[in-house]
Amino acid sequence: MKSFLMYCSAATIALATASSPAAAQQVAAASTAKPVPVAELVKRVDIPYEEFTLPNGLRVIVHTDRKAPIVAVSTWYDVGSKHEPKGKTGFAHLFEHLMFNGSENAPGDFFEPLKQVGATDFNGTTSFDRTNYFETVPRPALDRALFLESDRMGYLLGAITQGVLDEQRGVVQNEKRQGDNRPYGLVYYKLLEELLAGSPYGHNVIGSMADLDAASLDDVKNWFRAHYGPNNAVLVLAGDVDAKEARPLVEKYFAAIPAGPKSVLPKVEVPTLPQAKTVVMKDRVAATMVLRTWAVPGLNDPDSVPLDVFGDVLGGLASSRLDNALVRKEKLAVQVSAGIQSMAQLGMFQVQAIVKPGVDANLVAKRLDEIVADLIRNGPTADEVQRVATTAVSGRISGLESVGGFGGKAVALASGELYSNNPGFFKKQLEETARVTPAQVQAAGKKWLSRPALTIMVEPGQREAYQEAAAVAPAKPVEGAQAEPFKGTRGALPDVAQIGDLDFPDVSRSKLSNGVEIVYANRTAVPVTQVVMSFDAGVVADPANKLGTQNLVLSLLDEGTTSKDSIAIAEARERLGASISTGSSSDRTYLSVSAPSPNLPGALDLFADVVRNPAFAPDEVERLRATQLTGIAAELTDPQGLANRALPPLIYGAGNPYVKLAAGGGDPEAVKALTRDDLLAFYRAWIRPDKAKIFVVSDRPLADVKAALEARFGNWKGIGAAGVKAFTVAPKQVAPKIVLVDRPDSPQSLILAAQMTQLDPASELLTPLTANQVLGAGFLSRINMELRENKHWSYGARGGYDWLEKAVPYTIAAPVQADRTGDSIKAIQQQVGDFLTSKGVTEAELTREINGTTRELAGRFETSGAVLSAMQQNDLRKRPDNFYDTVTQKYRSMTVAQLDAAARAALDPKKFVWVVVGDAAKVKPQLDSLGLPVEVVPAASVAGSAATAASK
């Protein structure tokens, strides 16, 4: 389902980073090869597993995957927000944070020992139904990972102190502020309150500020005792391990933990509203949103799959009924979606539309009703149902390349066991999706969606007063309490054996007959081919006086060719299980296709048609222009969108091509004036074979892939003169100052600090990048640990170099609670200043970063997508194709002195320029005492700043 909560950011990203396919002479569209049957694709989805249960009730599932020397460790607890009693909302999520702050035998931050061994994909999440913790580690580090997971399962309480609770309470409250601060950020609270009031699912996972304020140390310890026993957990090991190897390790570390109380499944009934209800909310948004929701059964109900298919036909597919009617034909909305959010015991079926500015929202709501009613009355077609199935199976195939993380094989097995008592439940769902009939889909829709619905309309306007956190007084120390840390009883962390260096896939190069180079790597873990056509264009290629041209070109490419309209293209893509996407960076523009390899011929036929034969039909130009303008308006309501527009003129200066980055989705006045000739001119200048290079990762051999590409692109030629980038004006940073972008009623401020460094982008920057891992990159960096863990003023802060082709700026980003904006800037200045002078890299930090960075390589490049990205980066940086085969020696030769020297040569906090997006009334008094000029600007003023700077 396309989520309404992500619309603003998705619109900004899609419009601001769209890429452009290649231009040249028109060619006849090839006839699309016939897709393989969906049942054939389902056969390719399999996760063999073994399982056993310890006497204390811990369920263990093991999947063997020897493609890389890594193991995903995923621990799922049967406790989520639905288990929280009244007055204790947010406890499950708060405890997820507490579990990362050390245990009795592994004190300190949990990320430290994981970083040391090269863990990747390590995190934790909380949902309505469960809490999970996961990491992927090199095989020799499996003992250590199991020790750590078992220690926080069985030996945690002694490590939870009042200080730890207060720290993580503050972090969670800033996580809440960060989400709430976004456009439409308060909608989900209202949805749950109105639709599911009184249900265990009736409150948000993150909880209320008041309940978080009220959480006591006894409360959280009792929560742990009640829910975190081994008999309440599922442990999945997926990767370079089998059950014979795994069982003695699991027994060694987990068997001694006693069973605890079993979580009681709350009683949940699917509520039906007595009558339809409409709630109107006001928010600082660019466009009205109409959201219609029904409560429906959970994922184990027989109607779950048919309802899921109904949702995709209605608003999930690119060719969905809502897209075709409201977006493409009637042009009443700029974005629509429909689908089911399935939980274990309940679901929510949602239909949503972002109304095109100037259109009556009530008309859109009426049309939503009519389209839903028509689908209920007449049902979907067999072709629609088949396209949904193919798309679902294709997505699952690609997702199962990873053993862990947020959505890999360990997740599929653990969720099936926890929610459905069946680790193979994912396969059952896919098989049901592949064989569901139109009649079954129609019947489920009629049964559940003919009931009264909740409608929420979010209109532009003044947001309601925000419920802030109370000031929680520090707890009084207990008389006679031990000041010393808890003494562990299990001994030291297990040693980690030698971890081998990465063997990066061999990269081969070849050329099409027209000279386009192919850069290829073979990966056989999943039957998928990914192709990226990279053009030497990027944001810097956008015409200075017509910023937004590239974005509009790119959005139009798969919305109509000379032989297919946008609906036909979408349907063809869905029948193939293929995805075609666009994207751009500062220096490159991308057009990509990914498909199950059995469907590669048809996918490449379609891709070639999109790349070579765009129609730029006038009706589509006007439709996508309106969408782009709405996306630009959305950027100007979003903290990140505003900051991204305000910063580039300060560090690049007028006339430098990179100042165009400030345009985001485009200059609205320029986008309004663009003509079809403007679009065609950009396409012909930049989307052409002499600007292109093709990167491929596939399970098919190079000879096959090359032949397929040659047949479709070998005779492609450019038309007219190629575009030329003009870097005649060097970056020129302004004098240090603070630009405060006024965004009233913001519970958080977004701080950006930046400096244009003198680093040479044509040189190898491995040493300054490694030094910055200590200062600003990653969870354990000085900046993040200070603002998040020590001060708990932020959910997370980062700093890093943006290694562009012609410049290397450095930027720090820190969303912080509004009342600590000034203090946070001081803290950043202090941390950076100390790092560059008296408190440089320590030997311990050097060891941690070198160990972590070299040991994580196998996990980092586990997937084809990661390999494909590395191939492109190596090419752009002019590194050898085997760079990652040799990089460990470069890391191991680094010294503290080298890292300190690299950082000190590059950075100077006294030269930083600052952008703060926040409520000026609250924030400016905090900034006035910092000793820097403060310039307050309204949010609307940043819309055209890029156009002004770029045209000078």
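Those letters in the sequence shown? Residues 87 to 1038, per our numbering, in order. We put the beta carbon where it would ideally sit given N, CA and C, even for glycine.
Which residues share a DSSP beta bridge with residue i?
{"i": "residue 683", "result": "Answer is none; residue 683 lacks a bridge partner."}
{"i": "residue 368", "result": "545"}
{"i": "residue 885", "result": "898"}
{"i": "residue 779", "result": "603, 620"}
{"i": "residue 1001", "result": "825, 838"}
{"i": "residue 149", "result": "324"}
{"i": "residue 424", "result": "437"}
{"i": "residue 192", "result": "189"}
{"i": "residue 363", "result": "540"}
{"i": "residue 614", "result": "682"}
{"i": "residue 647", "result": "700"}
{"i": "residue 65", "result": "Beyond the ends of the chain as shown, which are 87 and 1038, falls residue 65; an answer cannot be given."}
{"i": "residue 1020", "result": "824"}
{"i": "residue 608", "result": "784"}
{"i": "residue 47", "result": "Since the first and last residues shown for the chain are 87 and 1038, residue 47 lies out of range."}
{"i": "residue 419", "result": "441"}
Since residue i is in the beta strand (DSSP E), which residue starts that stretch and which ends it?
{"i": "residue 324", "result": "319-325"}
{"i": "residue 219", "result": "217-224"}
{"i": "residue 375", "result": "375-382"}
{"i": "residue 163", "result": "156-163"}
{"i": "residue 665", "result": "665-670"}
{"i": "residue 963", "result": "Where residue 963 is concerned, there is no enclosing beta strand (DSSP E), given that its DSSP letter is neither H nor E."}
{"i": "residue 138", "result": "136-139"}
{"i": "residue 597", "result": "593-597"}
{"i": "residue 891", "result": "Unbroken run through residue 891: none, as it is neither H nor E."}
{"i": "residue 503", "result": "Segment 495-506 is the alpha helix (DSSP H) holding residue 503; no beta strand (DSSP E) there."}
So the alpha helix (DSSP H) residue i belongs to, where does it begin and stop?
{"i": "residue 545", "result": "Counting along the chain, residue 545 falls outside any alpha helix (DSSP H), though it belongs to the beta strand (DSSP E) covering 540-546."}
{"i": "residue 56", "result": "There is simply no residue 56 to check, as the chain begins at 87 and stops at 1038 in what is shown."}
{"i": "residue 78", "result": "Because the chain spans 87 through 1038 in this model, residue 78 falls outside it and cannot be assessed."}
{"i": "residue 128", "result": "124-129"}
{"i": "residue 524", "result": "524-535"}
{"i": "residue 392", "result": "390-397"}
{"i": "residue 334", "result": "329-340"}
{"i": "residue 182", "result": "177-184"}
{"i": "residue 850", "result": "No alpha helix (DSSP H) contains residue 850, which DSSP labels as neither H nor E."}
{"i": "residue 639", "result": "635-643"}
{"i": "residue 1039", "result": "A query on residue 1039 cannot be resolved here, the shown segment of the chain reaching from 87 to 1038 and no further."}
{"i": "residue 171", "result": "No alpha helix (DSSP H) holds residue 171; DSSP gives it neither H nor E."}
{"i": "residue 311", "result": "303-313"}
{"i": "residue 629", "result": "Run containing residue 629: none; DSSP gives neither H nor E here."}
Would a C-beta distance cut-off of 7 Å place residue i and residue j closer than the cut-off?
{"i": "residue 420", "j": "residue 635", "result": "no"}
{"i": "residue 879", "j": "residue 910", "result": "yes"}
{"i": "residue 1013", "j": "residue 1003", "result": "no"}
{"i": "residue 251", "j": "residue 303", "result": "yes"}
{"i": "residue 336", "j": "residue 146", "result": "yes"}
{"i": "residue 933", "j": "residue 1009", "result": "no"}
{"i": "residue 805", "j": "residue 770", "result": "yes"}
{"i": "residue 175", "j": "residue 294", "result": "yes"}
{"i": "residue 439", "j": "residue 376", "result": "yes"}
{"i": "residue 754", "j": "residue 745", "result": "no"}
Would you say residue i touches the ligand MN, meaning its beta carbon is less than 6 Å from a heavy atom?
{"i": "residue 355", "result": "This structure does not include the ligand MN; it has no bound ligands of any sort."}
- prompt: What are the complete beta strand (DSSP E) segments, minimum 3 residues, inside the stretch 796-838?
  reply: 824-828
- prompt: Okay, do the stretch 656-666 and the stretch 761-780 touch, 3+ Cβ pairs below 8 Å being the bar?
  reply: no
- request: Inspect the CB distances between the stretch 521-532 and the stretch 453-467 and report whether three or more fall short of 8 Å.
  value: yes
- prompt: Quick one: complete alpha helix (DSSP H) runs, 4+ long, within the stretch 691-742?
  reply: 704-721, 725-732, 734-738
message: Count Cβ pairs between the stretch 718-736 and the stretch 594-614 that sit closer than 8 Å; are there 3 or more?
response: no
message: To test your reading of the DSSP string, which unbroken alpha helix (DSSP H) runs of 4 or more residues are found completely within the stretch 200-282?
response: 228-240, 248-266, 273-281
message: Quick check for students: name the residue ranges of the beta strand (DSSP E) that lie wholly in the stretch 426-469, counting only runs of 3 or more.
response: 433-441
- request: Taking 8 Å as the threshold, find out whether the stretch 867-874 comes into contact with the stretch 937-947 through three or more Cβ pairs.
  value: no
message: Please give me, in chain order, every unbroken run of the alpha helix (DSSP H) with length at least 4 that falls completely inside the stretch 967-999.
response: 969-978, 982-992
Contact between the stretch 323-332 and the stretch 185-195 (3+ Cβ pairs under 8 Å): no
message: Quick check: the stretch 980-989 against the stretch 837-855, are at least 3 beta-carbon pairs closer than 8 Å?
response: yes
message: Under 8 Å: do the stretch 427-440 and the stretch 372-384 share three or more Cβ pairs, one atom per stretch?
response: yes
message: I'd like to know if the stretch 485-505 and the stretch 211-227 are in contact, where contact means that at least 3 CB-CB pairs between them fall below 8 Å.
response: yes
query: Does the stretch 268-278 come close enough to the stretch 137-146 to have 3 or more Cβ pairs within less than 8 Å?
result: no
task: Pair every Cβ in the stretch 821-831 with every Cβ in the stretch 985-1000, then say whether three or more of these pairs are closer than 8 Å.
output: yes
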